[in-house]
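Q:
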Amino acid sequence: MAILGKIRERSLFLIIVIALALFSFVIGDVFTSGGFGSSNNSIGEINGENISREEFVKLVDQIKSQQGNRGSQMQNVNAAWNNLISQKIYKTQLEKSGIAIGEKDIWDEIIKQYSNSPQFKNEAGLFDEDQFKDYVANINDAKEDDQQSKQAWLRWRQYEDNIKNNLELRTYNNLITAGLGATLKEGERHFIANNTKLDLEYVYVPFTSISDSTVTVTDDEIKAYVKSHPNNFKAEASRDVSFVRFDIVATAEDKDIIRKELSDIINDKEEYSSAAKSNVKITGFKNTDNVEDFFRNRTSDTPLNNAFLTKSKINQAIADTLFNLNIGDVYGPYKENNFLKITKLIAVKQMPDSVRARHILIPFLGTTNDPAITQNEAEAKKMADSLLIVVKKDMSKFADLAKTLSSDKGSGAKGGDLDWFTYERMVPEFRDFTFENKVG
């Protein structure tokens, strides 16, 4: 391992990587095209309840906001639909059960989760509920100050809603569990069966010792036995079902339309603007300076990939073609994994195959389920900025600070050391910083 470490530290081996923006577009958008019967506001039905277009779009947007660019449009839509199924089915059962969760129940559960937080303990080391109430009130009072404070309040309200939902589900599931428990009579029979003992003698005569030819069983005896043991011969009801399956697949005409749409956005074009009352220039994919904005303003079934990729990470059928492009060139449309895509070469860079780094991870509300974490994003950033000042003055303090303050206990125990890692392992922001900066 020591030899390997020296090789990594002194290696001059660099690999050429390509930054690619991969796009795949599908014809139409269920939310904007108005296809499939736009006059009907319902996009589906769950347990007899119609799901409105507005309700579904709102939930998709929420999931999209939470996921950022990590999930495709189709993944966000599927996640939203699955969430709705769970919500609606549970909602029906909760209404039938009569379960009601009050504000006091929610507050008591919140107190339980925050009771061990050192931030809200008094001089005696006990949880101070009044201090905690002031903390919540401050979040509420500051919600109109700026966008960050508003988001902090929205996260808190979402936290309260999650607490309520969890309490409802927990209560309902506890009722189900209690209903599935054994009765006192069943427990009594179980005790007798397992604890009653007899002192007896018996003679064992196996059925196999009796010849079948010596025994005659009549149809009437069989019928009588079946009649006296009906539970042993019950058959579950079955049905013969005939159905027709329609696979939703793109026709040759659909593919031609999508291919044309992709081709149309590659180069610049002019379109008439009713606002300007003249033709205006629409920048194409080839000439855009902001790929992320270009991507954001169009519908894609795959997320933007603006990371550097080695040749081995690219589809081998097109890898040679992409590596022979000049910066700014666009390749496509081409088909890959049932998608039609266009690809633009943005940059070429040389970098090592792996790097080594240390970090101190500072969490805040909304990034972890740990109830002990009570600081908001601004407070976490303030703490991180303070740590940065300290370690810049004295780098030797980094390891001790990581051990005591980092929420990543695994690396924290090693002074924040993450060991060697490859380009693809880390989140984009951390990956770009570690691979594109100098040592130290």
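Counting the sequence shown from 1 gives a position; the working numbering is that position plus 211. Beta carbons: idealized from backbone N, C-alpha and C, even for Gly. Please read all numbers here as calculations on a predicted model, not as lab measurements.
1. I468 and I553: beta carbons closer than 8 angstroms?
2. Decide if P329 is buried, meaning its Cβ has at least 16 other Cβ atoms within 10 Å, or exposed.
3. Between I310 and T394, is the Cβ-Cβ spacing less than 8 angstroms?
4. Could you please give the first and the last residue of the uninterrupted beta strand (DSSP E) stretch that includes M594?
5. Express the C-alpha separation of T419 and A435 in angstroms, rounding to a whole number.
6. Any contact of the region 627 to 634 with the region 580 to 599, i.e. 3+ C-beta pairs under 8 angstroms?
7. How would you call L551, buried or exposed, if buried means at least 16 neighbouring beta carbons within 10 angstroms?
8. Roughly how many angstroms separate the alpha carbons of M285 and E371, rounded to a whole number?
9. Keeping to the same chain, check which residues put their C-beta closer than 7 angstroms to that of L386; ignore five residues upstream and five downstream.
10. To the nearest angstrom, report how far apart N357 and L365 are at their CA atoms.
11. Let me make sure I understand the geometry here. Which of F343, N287, N490 and W367 has the alpha-carbon closest to that of T578?
12. Locate the alpha helix (DSSP H) running through N384, then write down its first and last residues.
13. Considering only their Cβ atoms, is the gap separating G543 from L556 smaller than 8 angstroms?
14. Is it right to say F534 is buried, meaning 16 or more other beta carbons lie within 10 angstroms of its own, or is it exposed?
15. Suppose you measure from the CA of L391 to the CA of E432; what does that come to, to the nearest Å?
16. Taking the alpha-carbon of D339 as reference, which of S326, K408 and T388 has the nearest alpha-carbon?
17. Going by DSSP in three states, R400 sits in which element: helix, strand or coil?
18. Which whole-angstrom value describes the C-beta separation of L598 and L612, a residue pair presumed to lie in contact below a C-beta threshold of 8 angstroms?
19. Among the residues of its own chain, which have a CB less than 6 angstroms from the CB of F242, if the five just before and after it don't count?
20. Apply the 10 Å Cβ neighbour rule to A404 and answer buried if 16 or more other Cβ atoms are within range, or exposed otherwise.
21. By the three-class DSSP mapping on this structure, what secondary structure does K492 have?
A: Reading it off the structure:
1. One-based indexing of the sequence shown puts residue 468 at position 257. One-based indexing of the sequence shown puts residue 553 at position 342. No. Outside cutoff.
2. Translated into positions along the sequence shown, residue 329 becomes position 118. By the neighbour-count rule (16 or more Cβ atoms within 10 Å), P329 is not buried but exposed.
3. Position 99 of the sequence shown, counted from the first residue, corresponds to residue 310. Position 183 of the sequence shown, counted from the first residue, corresponds to residue 394. Their beta carbons are not under 8 angstroms apart, which means I310 does not touch T394 by this criterion.
4. Stepping through the sequence shown from its first residue, residue 594 is reached at position 383. It is not in any beta strand (DSSP E) - M594 instead sits in the alpha helix (DSSP H) that spans E588 to K604.
5. Working through the sequence shown from its first residue, we reach residue 435 at position 224. Working through the sequence shown from its first residue, we reach residue 419 at position 208. C-alpha separation (whole angstroms): 24 angstroms.
6. no
7. The residue given as residue 551 occupies position 340 in the sequence shown. L551 sits buried, since 16 or more C-beta atoms from the chains shown fall within 10 Å of its C-beta.
8. Sequence index remark: in the sequence shown, residue 285 carries index 74 (1-based). Sequence index remark: in the sequence shown, residue 371 carries index 160 (1-based). Those two C-alpha atoms are separated by around 29 angstroms.
9. By 1-based counting over the sequence shown, the position of residue 386 is 175. Answer for L386: S308, listed in chain order.
10. For the purposes of this step, residue 357 is taken as residue 146 along the sequence shown, with counting starting at 1. For the purposes of this step, residue 365 is taken as residue 154 along the sequence shown, with counting starting at 1. Inspection of the sequence shows that residue 357 is occupied by Asp rather than by Asn. Taking the straight line from one Cα to the other gives about 12 angstroms.
11. As a working note, residue 578 is residue 367 in the sequence shown. Of the candidates F343, N287, N490 and W367, the one whose C-alpha sits nearest the C-alpha of T578 is W367.
12. Looking up residue 384 in the sequence shown gives position 173. Its alpha helix (DSSP H) spans residues Q358 to G390.
13. The count along the sequence shown starts at 1 and reaches residue 556 at position 345. The count along the sequence shown starts at 1 and reaches residue 543 at position 332. Cβ distance not < 8 angstroms, so L556 and G543 don't count as in contact.
14. As a working mapping, residue 534 is identified with position 323 in the sequence shown. Exposed, by the Cβ-count rule.
15. Here residue 391 refers to the residue found at position 180 when the sequence shown is read from its first residue. Here residue 432 refers to the residue found at position 221 when the sequence shown is read from its first residue. If you take the alpha carbons of L391 and E432, they lie about 38 angstroms apart.
16. Working through the sequence shown from its first residue, we reach residue 339 at position 128. The option with the nearest alpha carbon to D339 is S326.
17. One-based indexing of the sequence shown puts residue 400 at position 189. Here R400 carries a helix assignment [DSSP, helix/strand/coil].
18. Position 387 of the sequence shown, counted from the first residue, corresponds to residue 598. Position 401 of the sequence shown, counted from the first residue, corresponds to residue 612. Rounded, the Cβ-Cβ distance is 6 angstroms, consistent with contact.
19. As a working note, residue 242 is residue 31 in the sequence shown. Residue confidence for F242 is low, a pLDDT of 42 falling below 50, so the modelled location carries little weight; the figure read from the coordinates is stated next. Result list for F242: V268, in chain order.
20. Your numbering for residue 404 matches position 193 in the sequence shown. Exposed, since its Cβ has fewer than 16 Cβ neighbours within 10 Å.
21. In the sequence shown, residue 492 corresponds to position 281, counting from 1. Strand.
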